[in-house]
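Report on the structure given below.
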Amino acid sequence: MLKRTQTCGQPRISDVGQTIIVNGWVNSYRDHGNLVFIDLRDRKGLVQLVFDPEKYPQVHKIARTLRCEWVIGAKGKVRPRGQGMENPRLATGQIEVAVEELEILNQAKTPPFEIDGSASVGEETRLQYRYIDLRRPEMLSKLAIRHRVTKIARDYYDSNGFWEIETPMLGKSTPEGARDFLVPSRLYKGSFYALPQSPQLFKQILMVSNVDRYFQIVRCFRDEDPRADRQAEFTQIDVEMSFVQSEEVMRMNETLIVRIFKEILGVNVPLPIREMTYAQSVEEYGIDRPDLRFEMKLKTITDIASACSFKVFTDTVKKGGIVKGLCVPGGAKYSRSDIEVGFTAFVTDLGAKGLAWFKVAPDETTGKLGLKSSIAKFFTPEQQQQLITKFEAKNDDLILMVADEAATVNKALAPLRVKLGKELGLCDSNKFEFVWVVDFPLFEWNVNENRFDSLHHPFTAPVPEDLPKLETDPGHIRSQAYDLVVNGSEIGGGSVRIHDPQVQAKVFDLLKITRQQAQDRFGFFLKALEYGAPPHGGIAFGLDRMVMLLTNTDNIRDVIAFPKTQRGQCLLSEAPSTVDQSQLDELNLRVQKHLHQMEEKEKSGS
RNA sequence: GGGGCCGUAGCUCAAUUGGUUAGAGCAUCGGAUUGUCGAUCCGAAGGUUGAGGGUUCGAUCCCCUUCGGCCUCGCCA
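Sequential numbering from 136 applies to the first sequence in the working numbering.
In structure tokens:
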């Protein structure tokens, strides 16, 4: 075999005169009857091969039969391209290889889509033929960036004394949290392992074991419906540290993230990353992961709304709801139907009952800024001025408002703010606004179950001064949790953990996890805490989302080599699939047909 | 489990209120071609309109069912 002496992307003008061998895929061929040109592709780039019928007629004859995606080896002399024939778009564009020997290493079927094609190809086809899709330089570069991120992370943690330690993939199922993927046990019939949702308990136990500093780049599994930015199996950069408070965890890990953005994108992010409380984030952005690339903050106008005569607002306030809104700069350009059909549908889909609006314009007679809309008449001139002041509204702005329970209002307005920010071009994709969101509530009240739920997870420590509230006011305890947010995307989150078994027990009580349940589910872990657990804390970063930001894609499948579809299938391997009866027998499992299938069977049988 | 968009040649798309033989570009195949680089020129082939059913004289188009892809709500301690 003609074995390469260098890669396709390598040769330069300085290599002229050398005889080299390259291997790669035929990217394109241009047959002029006389000369034949081949662009040969490997991971490093493209190089032009030239076949001359006069000097090497046999080689030229074979070259004419080459087709796209065939795999070849070519030996020849590097020579400069003639005057005016350089290709500035190729790194190797100054030179070409005059081929003297050619070996076809493999032929290829015509690919289902063009690697070079400018037209975008449907994702279904790309996933079916992922190996061809990945040949596209855009895709390879995403894989490369992902590799570099993990490499930077490993080097960083290693140099700071962290050990990478693997934790089990076959673990114990815990019913709270996301749905588990279950794996039947052959040796213990009727019992199941669960794939880890995260290595949470194991990494904490490693702290009890005096590992002191742990990290792992680890696959996690949550059997929930996918979204554009999440799928059932994903990768975390998982970290845990002993004898630390939240401050140290944040400083240690933000340095890595900033280094990654610097090395991959050349972006300079000042340290330390700023912090914002959960309360402020929810108040001003309606969500705990604010996009700080643009302003357009939400404003609460409950007080003004309660004084007006617009019944929708006053009734909502009477029932304990709030009224919040945002001011869209230059938003008066939106038509009434944009607002009353488009935006209103957008917020009602998110649970809001409606969307109130004002356009800001000068009064015809006084020339003073006022509010125009069908509901303006319910607001006195003074109230209108109060609103304009509150929203810092200017001429031609648009004020949009939602009235409802606080949770509903925020849930509708936060996505609306982001949608408008993107539409108005306020979201610069080259800008990265980092923020630590801190002071999360430890619990949130679960109305349906009549109990508290952990906002983060049940092992998150309360802030010390709020500890007494465990007895008196659990709903207002702040936790020592922190989320790292970039441009409205949560890329990591963690906390200082509870290391006191008594506090842990109290938290379980509030979550209405009985001692028996706690023992059954986390007994091994609680026991470990009793044998001298150091104060410890950690964090986990979503590698997939981080790489999405670094590669400027909003599709998680673009940053995973072999991703799953919306319905959890791998279109390449066609997983999941049925299995042989003998496999089921070994596991003592029986597959039950769906109810509707059984009904149909009964019908056809009778 | 709910809502929305989509499915036509290998790929990306078109096809008038429901009306002749379902078209185009790229790819493919054949031929031509003296330096191209998204080569060019000439020609050819390529279709169960995702599948099944219904309405109709007639369905890519309307209706129902179903499969698949994407987005989203719920869900994601």
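We put the CB at the ideal spot given by N, CA and C, even for glycine.
- Nearest in C-alpha terms to V572, of all of E625, I612 and E375, is E625.
- Contact check for R632 and F594: beta-carbon distance about 5 angstroms, within the 8 angstroms limit, so the pair qualifies.
- Across the structure, N545 and T437 are spaced so that their CA atoms are roughly 13 angstroms apart.
- Fewer than three pairs of CB atoms, one per stretch, sit closer than 8 angstroms, so the segment 166-173 makes no contact with the segment 136-150.
- With respect to the C-alpha of R281, the residue from D715, L602, G677 and T390 having the closest C-alpha is G677.
- Looking at the backbone, the Cα of G421 and that of N162 are separated by about 50 angstroms.
- Between the alpha carbons of E398 and V404 lies a gap of roughly 11 angstroms.
- Here the C-alpha atom of G703 lies approximately 9 angstroms from the C-alpha atom of E359.
- Scanning the segment 581-638 for uninterrupted alpha helix (DSSP H) segments of 4 residues or longer gives 604-607, listed from N- to C-terminal end.
- The three-state reading of DSSP puts H671 in strand, counting E and B together.
- Short of 8 angstroms from the beta carbon of G628, and not among the five residues preceding or following it, lie these beta carbons of its own chain, in chain order: H591, A616, Y617, D618, L619, I674 and A675.
- Contact between T543 and G489 is absent: CB atoms are separated by about 11 angstroms, not below the 8 angstroms threshold.
- Closest by C-alpha distance to V353, out of V346, P334 and S717, is P334.
- Check the Cα spacing between N158 and each of S708, D251, R176 and S444: the tightest is with R176.
- Boundaries of the alpha helix (DSSP H) harbouring F657: R650 to L664, taken from the DSSP string.
- Collapsing the DSSP output to three states places Q727 in coil.
- Three or more beta-carbon pairs separated by less than 8 angstroms link the segment 278-293 to the segment 384-397, which places the two stretches in contact.
- Judged by DSSP secondary structure, A467 falls outside any beta strand (DSSP E); it is assigned neither H nor E.
- Between K210 and E235, the CB-CB gap stays under 7 angstroms.
- The beta carbon of L336 lies closer than 6 angstroms to those of F660 in the same chain, with the five residues before and after it left out.
- Where P215 is concerned, the enclosing beta strand (DSSP E) starts and stops at V206 to P215.
- In the three-state scheme derived from DSSP, where H, G and I count as helix and E and B as strand, N345 is classed as coil.
- The alpha-carbon of L269 is positioned some 19 angstroms away from that of A710.
- Excluding residues up to 5 positions away in sequence, L577, P597, D601 and K604 lie with their Cβ nearer than 6 angstroms to the Cβ of I612 in the same chain.
- F448 and R314 have their alpha carbons spaced roughly 40 angstroms apart.
- C143 has its alpha-carbon roughly 5 angstroms from the corresponding atom of L181.
- R283 and L317 have their alpha carbons spaced roughly 32 angstroms apart.
- Residue range I230 to N241 is occupied by the beta strand (DSSP E) that includes V232.
- When beta bridges are read from the DSSP output, F369 appears opposite C355.
- Linking P319 to E301 through their CA atoms gives a straight-line distance of about 22 angstroms.
- Taking C-alpha positions only, D608 is separated from F643 by approximately 15 angstroms.
- In the three-state scheme derived from DSSP, where H, G and I count as helix and E and B as strand, T483 is classed as helix.
- Contact annotation: Q366 and I648 have beta-carbon atoms that are not nearer than 7 angstroms.
- When the beta-carbon positions are compared, V463 and L555 come within less than 7 angstroms of each other.
- Contact between the segment 236-246 and the segment 197-207 is present, with at least three C-beta pairs closer than 8 angstroms.
- Contact annotation: the segment 381-388 does not touch the segment 679-697, with fewer than three C-beta pairs closer than 8 angstroms.
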